[in-house]
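Undergrad: This is the structure I have questions about; it appears just below.
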Amino acid sequence: MYAEERHQLIVERARHDGRVEVATLAAELDVTAETIRRDLTTLERHGLLRRVHGGAIPVERFGLEPALARRTTLLTEEKERIATAALAEVPETGAILLDAGTTTGRLAGLLPTDRELTVVTNGLAIAVQLAPHPHLNLFLIGGQVRSRTQATVGEWTRAPLAATYVDIAFMGTNGISVERGLTTPDATEAAVKQCMMARARRVAVLADHTKFSLDHFACFGHLHEVDVVISDSGLDSTLADELAAAGPRVVRA
1 MYAEERHQLI VERARHDGRV EVATLAAELD VTAETIRRDL TTLERHGLLR RVHGGAIPVE
61 RFGLEPALAR RTTLLTEEKE RIATAALAEV PETGAILLDA GTTTGRLAGL LPTDRELTVV
121 TNGLAIAVQL APHPHLNLFL IGGQVRSRTQ ATVGEWTRAP LAATYVDIAF MGTNGISVER
181 GLTTPDATEA AVKQCMMARA RRVAVLADHT KFSLDHFACF GHLHEVDVVI SDSGLDSTLA
241 DELAAAGPRV VRA
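Numbering (UniProt numbering), first residue to last: 1 to 253.
Here it is, written out as structure tokens:
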């Protein structure tokens, strides 16, 4: 088993069981305890697990939300494939909405700059990325800025959205599951995301495979409200079928 496969299995086990033990993993995976400790250290550096005595616990149990700068460095290849696949959903003309986030940020970097597109976003990093392109009609929605995600939130953000209508909203999420839909740790961001989805003709959710079967504090949407879910090839095919049965088309890039 390659290290990457072992890492994925460890994270999935931790999320399912609530924690993992070094000795148990070493015996099951037929590797040394030192190998498992190195794996756990790597996964902690990636912001996926938190080391505890004798094992590790998924960060979701601590209510932790990695900062934007940290998330930008994670799963970069997968996010690039997701963003490339999402380009097929971008209309030739019209208006799109980009939710704040690292995968939507990847899509922003791939947008064709020779089209007369209107782009609406609440992501500061996305706005800075797109501002130099004169053909893009860029709208940055104001409001209180969450430093952890660099997203604008609150009533000052939701009010302009009430008077906005776009062809498609590209949404990020911290968690997505068949049972509880789309979730995120922060209620203020959830409220903005909910408004965004309501103001779009179509909704595309961009989420790497680590976001699936996770539930966070605040729900902002359900799968029947989503037109397409775009993930990477790490998404389990059986789970992809379950998601599709709940409503959206599922793309594994």
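Even glycine gets a Cβ: it sits at the ideal position worked out from N, Cα and C. Quick caveat, the model's predicted, so the values are computed rather than measured.
#1: Specify the secondary structure class of Asp215 as computed by DSSP and reduced to three states.
#2: Kindly identify the DSSP beta-bridge partner or partners of Thr137.
#3: What do you get for Gln150, buried or exposed, if any count of 16 or more other CB atoms within 10 angstroms of its CB means buried?
#4: Bridge partners for Pro58 per DSSP, in chain order?
#5: Looking only at its chain, what residues have a beta carbon closer than 6 angstroms to the beta carbon of Leu161, apart from the 5 residues adjacent to it on each side?
#6: Looking at the unbroken alpha helix (DSSP H) that takes in Val22, where does it start and where does it end?
#7: Between the C-alpha atoms of Gly105 and Thr76, what's the straight-line distance to the nearest angstrom?
#8: Are the CB atoms of Ala100 and Leu130 nearer to each other than 8 angstroms?
#9: In terms of alpha-carbon separation, which member of Lys193, Glu225, Gln8 and Leu40 lies closest to Ala246?
#10: Are Met171 and Val120 touching if we call contact CB-CB under 8 angstroms?
#11: Determine the burial state of Arg45: buried for a count of at least 16 other Cβ atoms within 10 Å of its Cβ, exposed for fewer.
#12: Enumerate, from N- to C-terminal direction, the unbroken beta strand (DSSP E) stretches of 3 or more residues contained entirely within the segment 162-194.
#13: Per DSSP, Gly123 forms a beta bridge with which residues?
#14: Any idea what DSSP makes of Leu235, helix, strand or coil?
#15: Going by the DSSP bridge assignment, what does Val229 pair with across the sheet?
#16: Between Val229 and Leu243, is the Cβ-Cβ spacing less than 8 angstroms?
#17: Flag this pair as yes or no: are the beta carbons of Gly181 and Leu117 separated by less than 8 angstroms?
#18: Skipping 5 residues on each side, what residues in its chain have a beta carbon closer than 6 angstroms to that of Arg201?
#19: Return the CA-CA distance between Ser231 and Glu155, expressed in angstroms with no decimal places.
#20: What is the DSSP secondary structure of Gly109, counted as helix, strand or coil?
#21: Going residue by residue through the segment 75-99, where are the continuous alpha helix (DSSP H) segments of at least 4 residues, counting only ones entirely within it?
#22: So the alpha helix (DSSP H) Arg6 belongs to, where does it begin and stop?
#23: Who are the near neighbours of Val178 in its chain, counting only those whose CB is closer than 7 angstroms to its CB and skipping five residues on each side?
#24: Since Leu110 and Leu87 are thought to touch, with beta carbons under 8 angstroms apart, how far apart are those beta carbons, to the nearest angstrom?
TA: Let me lay it out:
#1: In the sequence shown, residue 215 corresponds to position 215, counting from 1. In the structure shown, Asp215 sits in coil (DSSP, three-state: anything other than H, G, I, E or B).
#2: Here the question's residue 137 lines up with position 137 in the sequence shown. The question names Thr, but residue 137 in the sequence shown is Asn. Answer is Thr118.
#3: As a first step, residue 150 is located in the sequence shown; it is residue number 150 there, counting from the start. Buried, by the Cβ-count rule.
#4: As a position in the sequence shown, residue 58 is number 58, starting the count at 1. DSSP output for Pro58 lists Leu49 as bridge partner(s).
#5: Indexing the sequence shown from 1 puts residue 161 at position 161. Cys195 and Arg199, listed in sequence order.
#6: Within the sequence shown, numbered from 1, the residue matching residue 22 stands at position 22. Unbroken alpha helix (DSSP H) run through Val22: Val22 to Leu29.
#7: Along the sequence shown, read from residue 1 onward, the residue named residue 105 stands at position 105. Along the sequence shown, read from residue 1 onward, the residue named residue 76 stands at position 76. Between Gly105 and Thr76, the C-alpha separation is close to 11 angstroms.
#8: To locate residue 100, count along the sequence shown from 1; it is residue 100. To locate residue 130, count along the sequence shown from 1; it is residue 130. Cβ distance not < 8 angstroms, so Ala100 and Leu130 don't count as in contact.
#9: Translated into the one-based positions of the sequence shown, residue 246 becomes position 246. Minimum Cα distance to Ala246 is reached at Glu225.
#10: Mapped onto the sequence shown, residue 171 falls at position 171. Mapped onto the sequence shown, residue 120 falls at position 120. No.
#11: Counting from 1 along the sequence shown, the entry for residue 45 is found at position 45. Exposed, because fewer than 16 other Cβ atoms sit within 10 Å of the Cβ of Arg45.
#12: 166-171, 175-177 and 181-184
#13: Here residue 123 refers to the residue found at position 123 of the sequence shown. Note: Gly123 sits in a beta bridge opposite Ala151.
#14: Within the sequence shown, the letter at position 235 stands for residue 235. Secondary structure at Leu235: coil, using DSSP grouped into helix, strand and coil.
#15: Your numbering for residue 229 matches position 229 in the sequence shown. In DSSP, Val229 forms a bridge with Val205 and Val250.
#16: As a first step, residue 229 is located in the sequence shown; it is residue number 229 there, counting from the start. As a first step, residue 243 is located in the sequence shown; it is residue number 243 there, counting from the start. Against a cut-off of 8 angstroms, the Cβ pair of Leu243 and Val229 comes out as a contact.
#17: Position 181 of the sequence shown, counted from the start, is the residue given in the question as residue 181. Position 117 of the sequence shown, counted from the start, is the residue given in the question as residue 117. Result no, Cβ atoms of Gly181 and Leu117 do not sit closer than 8 angstroms.
#18: Locating residue 201 in the sequence shown gives position 201, counting from the first residue. If we look at Arg201 and ignore the five residues flanking it on each side, its Cβ neighbours are Asp167.
#19: Indexing the sequence shown from 1 puts residue 231 at position 231. Indexing the sequence shown from 1 puts residue 155 at position 155. The straight-line gap from Cα to Cα measures roughly 31 angstroms.
#20: The residue given as residue 109 occupies position 109 in the sequence shown. Residue state, collapsed to three classes: helix.
#21: 76-86
#22: The residue you call residue 6 lines up with position 6 of the sequence shown. Residues Ala3 to Asp17.
#23: For this step, residue 178 is matched to residue 178 along the sequence shown. Within the same chain, Val178 has close Cβ partners Leu223, Glu242, Leu243 and Ala246.
#24: Sequence index remark: in the sequence shown, residue 110 carries index 110 (1-based). Sequence index remark: in the sequence shown, residue 87 carries index 87 (1-based). Correct: roughly 6 angstroms between the Cβ atoms.
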